[in-house]
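To start, the structure itself, in structure tokens.
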Amino acid sequence: MPVYTLRPAIQHYAWGDTTTIPSLLGMLSSEEEPWAELWLGTHPMGESKVSTFPLSGILGQHLSFLFKVIAVQNALSIQVHPNRQQAKEGFARETAAGIDLWDPTRSYKDENHKPELLLALNDFWALVSFRDFQVIQEDFKKLQFPSLLTQSETLPVFFQNFLSLSADHFDFPLLLKNITQAQQQHMDKYWWIQELFRQYGKDRGVFAPILLNLVHLNKGQAIYLEPCQLHAYLRGSGIEIMTACDNVLRLGCTKKHIDPQELLRITSCESKEVHYVDAKTEGPLSVWTTPAEDFELIRMDVNNELLAYCRSTSAEILFCVEGTLQIKSVLHSRSLVLKKGSALIVTAQEPAIHIYGKGVVYRAAIPASMSVLHSS
Ligand SMILES: [Zn+2]
């Protein structure tokens with residue numbers, strides 16, 4: 003059988019909300035336990051299952067991508083991911099140093115780079131890549147940050163100086179007072195600094211909203227993050243697709259391991275516009291394509307029609323967020339039900355599948371692997 007029902011892995015990280023993912027899965031939520039991420043893929047830190055079997059065992063290999071639903075209540079750490087070269091070097095270095103793969107001080111868990119695409123499922127706030135250096139400096143001067151920062155001449159020097167200062171070097175009472183006075187509107191960068199301070203206390207990461215572009219996404223908007231870009235997700239829920247990679251360097255707003263030297267080495271210290279990704283929509287299909295070769299996200303809006311498509315030679319994941327659909331393999335006569343909150347793996351042996359019913363399905367795959375045969 004080339005199509006199987008897939009059971010996700012759930013990550014109960016402390017920053018998650020308690021309702022979004024349980025209600026998507028049709029489960030009762032417990033107010034105490036956060037449900038931060040739902041993972042579909044073969045990553046060893048949270049591998050999906052077919053019945054009781056690990057997905058990689060069924061496929062005979064690992065998937066190059068990882069599909070997630072994320073539900074952010076409190077901000078994630080201010081972080082950056084490596085490119086391929088940096089990941090290979092970092093992985094080799096930490097392995098040679100004898101740091102165990104599961105050691106919390108280990109930053110490189112694999113040799114993969116980590117570009118990522120985030121699609122908002124509701125209002126979503128994020129911090130993404132450096133703002134214009136002049137603007138950062140003007141804000142830092144206005145708010146009376148330490149002179150080491152306000153007198154830095156270039157962004158790379160400024161960022162190096164920023165990382166050289168521990169939280170003790172920042173006069174939090176003075177800065178927060180100045181920030182309160184500067185606050186202009188609800189959920190602007192000053193509001194977020196106060197909110198991050200409320201969540202994480204005296205942590206230099208709380209000033210990230212001055213360093214990075216504050217992004218508000220409406221439902222259906224997406225952004226792409228290439229490796230080496232500093233970023234953080236602040237609030238909201240979304241679908242995330244990325245390479246199957248768990249290499250993270252953190253600046254702050256976390257209790258996890260921080261390695262400022264390595265973060266500085268791999269971060270791209272240049273101001274950058276936010277990379278919004280518009281879906282290309284044709285009939286029932288919307289496709290988000292990015293420069294990453296490892297993944298592509300497709301939404302299928304099926305409305306009581308028969309949708310058939312042929313596939314690439316790689317396996318892919320289907321996840322339903324609305325309605326109920328029948329999925330039929332062309333190799334086998336048996337069909338499977340895909341309803342809200344459930345997922346399927348379509349293996350590489352399956353040349354094409356038919357979908358009918360009414361609902362919305364997200365599909366994670368390797369790019370350019372689909373062509374619609376007919377939709378009627
Ligand atoms: Zn990230």
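Quick note on numbering: the sequence shown equals residues 3 to 378 in this note's numbering.
Just so it is clear, CB atoms sit at the ideal spot from N, CA and C, and this is done for glycine as well.
- Its chain contains V82, H83, P84, N85, Q88, I268, T269, S270 as the residues whose beta carbon lies nearer than 8 Å to that of C230, once the 5 sequence neighbours on both sides are disregarded; these appear in chain order.
- N220 sits exposed, since fewer than 16 C-beta atoms from the chains shown fall within 10 Å of its C-beta.
- Straight-line spacing of the CA atoms in E295 and A317 works out to 15 Å.
- Looking only at G240, S31, P36, G343, the smallest Cα-Cα distance to G18 is reached by P36.
- A contact is defined here as three or more CB-CB pairs under 8 Å, and the stretch 325 to 332 meets this definition with respect to the stretch 343 to 363.
- For Q81, the distance from the CB to the nearest heavy atom of ligand 1 is below 7 Å.
- Remark: the C-beta of E118 is in contact range of ligand 1, defined as less than 7 Å to any heavy atom.
- Residue pairing by DSSP places S239 opposite A73 in a beta bridge.
- DSSP places K90 in the helix class (H, G or I) of the three-state scheme.
- Here R365 is actually not in contact with L309; their C-beta atoms are around 11 Å apart, not less than 8 Å.
- Annotated as proximal: S344 and T7, with beta-carbon spacing under 8 Å.
- E91 and L251 have their C-alpha atoms spaced approximately 14 Å apart.
- A straight-line Cα-Cα distance of about 13 Å links F209 and L236.
- When secondary structure is reduced to three states using DSSP, I368 falls in the coil class, being assigned neither helix nor strand.
- Within the same chain, Cβ atoms closer than 8 Å to the Cβ of L61 are found at T44, A317, I347, T349, A350, the five residues on either side in sequence being excluded.
- Within the DSSP bridge table, the entry for E197 names no partner.
- Taking each of A94, S337, T156, H188 in turn and checking the Cα distance to S109, the smallest one comes out for A94.
- Bounds of the beta strand (DSSP E) holding F132 are 126 to 132.
- Taken through DSSP and simplified to helix, strand or coil, I329 comes out as strand.
- Around the beta carbon of Q186, a 10 Å sphere encloses fewer than 16 other beta carbons of the protein chains shown; the residue is thus reported as exposed.
- For R252, the enclosing beta strand (DSSP E) has its first and last residue at 251 to 254.
- Assignment of beta strand (DSSP E) within the stretch 261 to 324, counting only whole runs of 3 or more residues, yields 282 to 284, 287 to 290, 298 to 312 in chain order.
- With a cutoff of 7 Å, H115 does not count as near ligand 1, since its C-beta is closer than that to no heavy atom of the ligand.
- DSSP places K143 in the uninterrupted alpha helix (DSSP H) bounded by 135 to 144.
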